[in-house]
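Asker: Structure incoming, see below.
In mature numbering (1 follows the signal peptide of the UniProt record, and there is no 0), the protein residues as written are -18 to -1, 1 to 301.
Right, dumping it as structure tokens:
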């Protein structure tokens, strides 16, 4: 009886301390999928496809405010105490005006293949976390209208280690595109969500068809970025889990971001620097070239593995 009573108390405590909130468009009242939920301490999480996220006060005792943002919307700050069940984001009119609906071109085009560069070396791979975003640069071809039809994403699912233990994983990724701003990723290009799931069954290269999204490369080029959203169930639904561990050290409790599989193989085979990284919840989301200026102590930087060799299939139109 005591055990049963204790179970009830623990369940009620979890319910009291856990709040599911939905992020919605203030105008249409529709969900804002995969909104960014920042804790203001260099960490955060993401909402799911229906705009849902769960905040548990018992897990984040030192967080009193949440900063909610999404491409195409004004950011909003909400208090964690008395957190409401719905948060409404106001669309940014200036960004919506920039959206140009481009119908599929009917003219002839030729296919241009930009081959990916990959390997299976664990030690020369980036360990992605929810806080990190990796972007690669693509140019318009021959000065002509160029559409990104497919992205070829190098991955390392560590198949050589699978026999030694349980290497199963299910991770949700998001692709985003940014305009070129003087050699750095600039304003985000507004488009429908490009989200996909990767598991241990995928290896070496993930082929992602994005032809339906009508992504055309501007004159100055664009950056395609890859970002981890978190663990996913087999149906591809984002699982709301804690994104960092708390480790006790001589300097006190340190919060360490959780890494997600698969790894991203970085290469030293490309002739030019084309990869940029940023921490989504830290340093004002500032993009940096992945070299010594980002982290001179990085093992990848020290060995010259400074590029993520993302490839693409482009459609280059004659007119």
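In this text, a Cβ means the ideal position worked out from N, Cα and C, and glycines have one as well.
Any idea if residue 290 is buried or exposed, counting beta-carbon neighbours within 10 angstroms, 16 or more meaning buried?
Answerer: That one is buried.
Asker: Have a look at 245, 176, 75 and flag the residue whose alpha-carbon is nearest the alpha-carbon of residue 102.
Answerer: Nearest of 245, 176, 75 to residue 102, Cα basis: 245.
Asker: Could you tell me which whole beta strand (DSSP E) segments of length 3 or greater appear in the stretch 25 to 113?
Answerer: DSSP runs (the beta strand (DSSP E)) wholly in the stretch 25 to 113: 26 to 28, 34 to 38, 47 to 51, 58 to 61, 68 to 71, 91 to 96.
Asker: How about the stretch 192 to 199 and the stretch 121 to 133: do they share at least three Cβ pairs that are nearer than 8 Å?
Answerer: Output reads yes: the stretch 121 to 133 touches the stretch 192 to 199.
Asker: Have a look at the DSSP bridge pairing and note the partners of residue 163.
Answerer: For residue 163, which the question treats as bridged, DSSP gives the partners 166.
Asker: Report the residue ranges of all beta strand (DSSP E) runs contained in full by the stretch 182 to 238; include only those spanning at least 3 residues, in chain order.
Answerer: Listed in chain order, the complete beta strand (DSSP E) runs (minimum 3 residues) inside the stretch 182 to 238 are 186 to 191, 204 to 213, 226 to 231.
Asker: Three-state secondary structure (DSSP) at residue 283?
Answerer: Looking at residue 283 - three-state DSSP - the assignment turns out to be helix.
Asker: Starting from the Cα of residue 256, find the closest Cα among 121, 151, 192 and give me that residue.
Answerer: The shortest Cα separation from residue 256 among 121, 151, 192 belongs to 121.
Asker: Can you tell me which of the three DSSP states residue 275 falls into?
Answerer: Residue 275 falls in the helix class under three-state DSSP.
Asker: Alpha carbon to alpha carbon, what distance is there between residue 172 and residue 75?
Answerer: Each residue's alpha carbon lies about 12 Å from the other.
Asker: Is the beta carbon of residue 33 less than 8 Å from the beta carbon of residue 66?
Answerer: Taking 8 Å as the Cβ cut-off, residue 33 and residue 66 do not qualify as a contacting pair.
Asker: From the DSSP secondary-structure annotation, give me the bridge partner or partners of residue 179.
Answerer: Note: residue 179 sits in a beta bridge opposite 154.
Asker: I need the straight-line Cα distance from residue 226 to residue 39, nearest angstrom please.
Answerer: Roughly 15 Å separates the two Cα atoms.
Asker: Please state if the CB of residue 97 and the CB of residue 286 are separated by a distance shorter than 8 Å.
Answerer: Result no, Cβ atoms of residue 286 and residue 97 do not sit closer than 8 Å.
Asker: Should residue 25 be labelled buried (16 or more other beta-carbon atoms within 10 Å of its own) or exposed?
Answerer: That one is buried.
Asker: How big is the Cα-Cα spacing for residue 275 and residue 116?
Answerer: Looking at the two C-alpha atoms, the distance is approximately 16 Å.
Asker: Based on Cα-Cα distance, which residue from 165, 12, 297 lies nearest to residue 191?
Answerer: Answer by Cα proximity: 297.
Asker: What are the start and end residues of the beta strand (DSSP E) that includes residue 261?
Answerer: Here the beta strand (DSSP E) through residue 261 covers 257 to 261.
Asker: Report the three-state DSSP secondary structure of residue 265 (helix, strand or coil).
Answerer: DSSP places residue 265 in helix when its eight states are reduced to three.
Asker: Quick check on residue 281: buried or exposed, where buried means 16 or more other Cβ atoms within 10 Å of its Cβ?
Answerer: By the neighbour-count rule (16 or more Cβ atoms within 10 Å), residue 281 is not buried but exposed.
Asker: Could you check what DSSP says for residue 22 in three-state terms: helix, strand or coil?
Answerer: It is coil, neither helix nor strand.
Asker: Do the stretch 176 to 186 and the stretch 155 to 163 touch if we need at least three Cβ pairs shorter than 8 Å?
Answerer: In short, these stretches touch, since the Cβ pair count reaches three.
Asker: Report the rounded CA-to-CA distance for residue 300 versus residue 92, giving the unit in angstroms.
Answerer: Whole-angstrom Cα-Cα distance: 8 Å.
Asker: Compare the C-beta of residue 15 with all C-beta atoms of chain C and state if any pair is closer than 8 Å.
Answerer: Going by chain labels, chain C is absent from the structure shown, which holds only one protein chain.
Asker: Could you give the residue range of the beta strand (DSSP E) that holds residue 129?
Answerer: First-last of the beta strand (DSSP E) with residue 129: 128 to 137.
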